[in-house]
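Visitor: In my numbering, the protein residues as written are 33 to 985.
Here a beta-carbon is modelled for each residue, glycine too, at the ideal position from N, C-alpha and C.
Below you can see the structure in the form of structure tokens.
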């Protein structure tokens, strides 16, 4: 035991001295190991600090209250809820029946002796220095001790008077206002003073103002109602404090009165599952991950970590080999003075231990400092404050041990290789001759075949992506094991190369012990890059094919469904003024009831309309049987009938997204021009006062289109639930069915204003479509957005840019990453080659070789390693990408077939899952990276070495 301790103590001291002597190499290896440790430790600290304890979470939601009571809007019907109040259902069987609706007076269900504090939340448009900003308005007496912890005051104080408000710091930044500024709301002739700013610890990016209860929301609602504008849609919850806490029995008693409860006592001490009524319902549970899912997730994480460690070992291993080669005389002296092979191994392994320990310390400390320094930035990025700066020593220790383990693993092969050299060879500098390992290539070939088979099975026979990923990882490890043999095959191409590259290739093949790890490191990095790049390019091609344009390229649409179209003329003019407009087509919509009603408003006095589709044109899969209104219409057909009907023109899915219900727009022939529909007959029909239809299902046998005006929406909903037609007046119009298959971009029909007027129907302005002379620039769009923001209206503005790729930067980043790894690995191999070939270089200099030969040889040595690794990695990286894409294709085809069997979807919507090879990325890797690595190595290599006597070999 004492001998072992002293030998390792001496080995560590020697390794520490060598590391300090070779600072550049030591720093390179330390950085390779420490950078992942820095990232992992910083991520661990960030995630743990962002995790809130139950007490911290409750403080942000409840403050110091015992519970928060909310009205679920079920009219007081008894309910069942989960302990955290996240889910609830009404008691009773409501299958096939409408759910109960209505408000509940929470004040009447509070237990006796409780203290309450109302918390009301609505929204409104507040005036800022830039215009109007849609803002959350809250009325909570936040200075009450019961609300302590919900809001964190940043400046000033919380409101104490009815004309005072406080605002979130994010609102002040967005609005340009500050503490002391005056604040007004659109529609309300009253000023408020901002007396303080605060943060919502769980929602830092929320635009919110806080006032005392009754000070802002009620007056604003009254003013908006008078102006026939949409209200604040206020919802109110109650914070309550009760002696002894709000127990689970009290929660269930309150549920019986139709109110949900988020209780502090229940959260801190949850009830057993058997005591939670909602969990006894069929289909309810805690939704925990299955053991198989957890195992798959663990396997995926372990695979990623293992491959990352392998990459570091492959990169760092040759660096340790360089150190061992340059210290071979020192290692020979150890052997000459009685040291045996285990002492040699200990010295080289101690180098990995020293570097790994230093990397663990440096990475962990830097991770701590970086996370602490960037805490405000991280909190702002996540939009929430940390619960605390949570340092978990055991987790950080485990991360650090991973660095030490990685350092040891990287030094194993150099340690074994160094220990096998004889003392005489080490002292004289002779390299000796060692036969290649014949077992490793066989193992590698078996792993490649096995991994490829598993990946192929996973892509063709199962739906498990983890199987494809696992098989690909095994195959890649097999290629890594085959690398020495593959390097030998590359050597056969040397006969056709000029002198310098032939010498470089011969040197790489003869010294596979140092070449293979570097090639394998490049291979692994490039394989991952090619796999991700191929998958990304394929996914992008799929997204481009599936992209559905809302308008012709370069066209613009602006829509505003608010206040009866009062602000639409100003919005139309703003767009025409600030963008390069060619043709402008104004559009209106049909209005039923009050003109101030929005399209889908359910308020009293507001109606709607619907296009009456002739029964002969209705898809049988979508028609409800009045005798059985609660049955699924598709249940009447067999799978074969459903598949047949899916090909029926009546069941074809419509393309495009409409801005109005049923895609009905009031407009003229200018709209045809903007939509690029060249149809003279359609233009003539509009001029003659006829509807132009783009969906023949809406046109009956007489060439008419019928539109039903529904004034009583409640009776219409009841009729729909029974499978009957809704009551309402029907207006009939002569229609012209557009010819061909023109893309109308979601517009089902264009109704000329004259036809609407003749039918006695009411319309309100909706917006406009525009064609442009050229694509609007970014500056023009920003000016338009700024101008539209001043209206404070909820405007839908769309400029059709066509499909835009978001993956180009990803592909570029992957190429740069693989290039850096390639250059780093090739550089390490070149350094090792120069250490080995120093005697040959001295001989070349002695016999009069030009100085450039040294640079050229160095450059080609680096380029050869890079080229071999990139070529092998490119071939190995395609396998996982192809496997994953085939798996996705099977999954999507399976869902498509199921949809057809169940009567959903259309027969012409077959999934398109292409496999695209990113040739630009491959070209950059195969050509630019090796050439760049060779040039860089040639530039940093000294032309002349120190001329000295060559040692005898």
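1) Secondary structure at residue 775, three-state DSSP: helix, strand or coil?
2) Leaving out the 5 sequence neighbours to the left and right, which residues in its chain are closer than 6 Å to residue 690 when beta-carbon positions are compared?
3) Consult DSSP for residue 273 and reduce its assignment to one of helix, strand or coil.
4) Once the 5 residues before and after residue 548 are set aside, which same chain residues still bring their CB inside 8 Å of it?
5) For residue 828, does the three-state DSSP call read helix, strand or coil?
6) Evaluate the contact criterion for the region 741–757 versus the region 621–633: three or more CB pairs, one atom per stretch, below 8 Å.
7) Exposed or buried, residue 882, counting other C-beta atoms within 10 Å across all chains shown (16 or more means buried)?
8) As an exercise, report each continuous beta strand (DSSP E) stretch of at least 3 residues that is fully enclosed by the region 692–727, in chain order.
9) What is the residue span of the alpha helix (DSSP H) that residue 614 lies within?
10) For residue 591, list the residues DSSP reports as bridge partners.
11) Just the C-alpha distance for residue 902 and residue 562, rounded to the nearest angstrom, thanks.
12) Along the chain, where does the beta strand (DSSP E) that runs through residue 164 open and close?
13) Per DSSP, what kind of secondary structure is residue 424 in: helix, strand or coil?
14) Mind checking residue 604: buried by the 16 CB within 10 Å criterion, or exposed?
15) Within 8 Å, do at least three Cβ pairs link the region 64–77 to the region 432–450?
16) Leaving aside the five residues before and after residue 44 along the sequence, list all residues of the same chain whose C-beta is less than 6 Å from its C-beta, in chain order.
17) Below 8 Å, how does it come out for the region 44–55 and the region 393–407: are there three or more Cβ pairs, yes or no?
18) Pull up the DSSP beta-bridge partners for residue 215, would you.
19) When burial is assigned at 16 or more other CB atoms within 10 Å of the CB, is residue 712 buried or exposed?
20) Compute the Euclidean distance between the alpha carbons of residue 643 and residue 684, then round it to the nearest angstrom.
21) Looking only at its chain, what residues have a beta carbon closer than 7 Å to the beta carbon of residue 992, apart from the 5 residues adjacent to it on each side?
22) With respect to the beta strand (DSSP E) encompassing residue 285, which residues constitute its N-terminal and C-terminal limits?
23) Taking buried to mean at least 16 other C-beta atoms within 10 Å of its own C-beta, is residue 781 buried or exposed?
24) I need the straight-line Cα distance from residue 318 to residue 116, nearest angstrom please.
25) Do the CB positions of residue 834 and residue 585 come within less than 8 Å of each other?
26) To the nearest whole angstrom, what separates the beta carbons of residue 152 and residue 171, a pair I think is in contact under 8 Å?
27) Using the three-state DSSP reduction, which class does residue 120 fall into: helix, strand or coil?
28) Thinking C-alpha only, which one of 784, 283, 277, 290 is nearest residue 121?
29) Can you give me the Cβ contacts of residue 638 inside the same chain, cut-off strictly under 7 Å, excluding the 5 residues immediately before and after it?
30) List the whole-angstrom C-beta distance separating residue 572 from residue 837, where the pair is believed to meet the contact cut-off of C-beta under 8 Å.
31) According to DSSP, is residue 318 helix, strand or coil?
32) What is the DSSP secondary structure of residue 242, reduced to helix, strand or coil?
33) Give every residue of the same chain whose Cβ lies closer than 7 Å to the Cβ of residue 708, excluding the five residues on either side of it in the sequence, and list them in chain order.
34) Measuring straight from C-alpha to C-alpha, what distance separates residue 506 and residue 969?
35) Note down the Cα distance separating residue 599 from residue 83, rounded to an integer number of angstroms.
36) Between residue 579 and residue 830, what straight-line distance do the alpha-carbon atoms span, to the nearest angstrom?
Guide: Let me lay it out:
1) Of the three classes helix, strand and coil, the one that applies to residue 775 here is coil, per DSSP.
2) Around residue 690: 778.
3) Annotated three-state conformation of residue 273 is strand, per DSSP.
4) Short of 8 Å from the beta carbon of residue 548, and not among the five residues preceding or following it, lie these beta carbons of its own chain, in chain order: 515, 516, 519.
5) Under the three-state reduction of DSSP, residue 828 is assigned to strand.
6) Judged by Cβ distances under 8 Å, the region 741–757 makes contact with the region 621–633, as three or more pairs qualify.
7) With fewer than 16 Cβ atoms within 10 Å of its Cβ, residue 882 is classed as exposed.
8) For secondary structure counted as the beta strand (DSSP E) over 3 or more consecutive residues, the region 692–727 holds these complete runs in sequence order: 696–698, 723–725.
9) Counting along the chain, no alpha helix (DSSP H) covers residue 614; the unbroken beta strand (DSSP E) around it starts and ends at 613–623.
10) Beta-bridge pairing by DSSP links residue 591 to 799, 828.
11) Straight through space, the alpha carbons of residue 562 and residue 902 are spaced by roughly 10 Å.
12) Residues 164–172.
13) Residue state, collapsed to three classes: coil.
14) Buried, since its Cβ has 16 or more Cβ neighbours within 10 Å.
15) Between the region 432–450 and the region 64–77 there are three or more inter-stretch CB-CB distances shorter than 8 Å, so the stretches are counted as touching.
16) The residues are 382.
17) With a cut-off of 8 Å, the region 393–407 and the region 44–55 do not count as touching, because too few Cβ pairs lie within range.
18) DSSP, once it has assigned bridges, lists 224 as partnering residue 215.
19) The residue is exposed, with fewer than 16 neighbouring Cβ atoms inside 10 Å.
20) Their backbone Cα atoms lie some 17 Å apart in a straight line.
21) One cannot answer for residue 992 here, as it falls past the ends of the chain, which runs 33 to 985.
22) Residue range 280–287 is occupied by the alpha helix (DSSP H) that includes residue 285, with no beta strand (DSSP E) assigned at that position.
23) Residue 781 is classed as buried because its beta carbon has at least 16 other beta carbons within 10 Å across all chains shown.
24) Unreliable placement is indicated for residue 318, whose pLDDT of 49 sits below 50; no coordinate value is reported for it.
25) Cβ atoms of residue 834 and residue 585: closer than 8 Å.
26) 4 Å between Cβ atoms; contact.
27) Strand at residue 120.
28) Comparing Cα-Cα distances from residue 121 to each of 784, 283, 277, 290, the minimum goes to 290.
29) Here residue 638 has 625, 626, 629 as same chain residues with Cβ atoms under 7 Å from its own Cβ, once five neighbours each way along the sequence are excluded.
30) The pair is a contact, with the Cβ atoms about 6 Å apart (cut-off 8 Å).
31) Bear in mind that the predicted position of residue 318 carries a pLDDT of just 49, short of 50, making it unreliable; the figure below should be weighed with that in mind. In the displayed model, residue 318 falls within coil according to three-state DSSP, outside both helix and strand.
32) It is a strand residue.
33) Contacts found: 584.
34) Pairing residue 506 with residue 969, the inter-Cα distance amounts to about 33 Å.
35) Distance between the alpha carbons of residue 599 and residue 83: 46 Å.
36) Cα-Cα distance, rounded: 15 Å.
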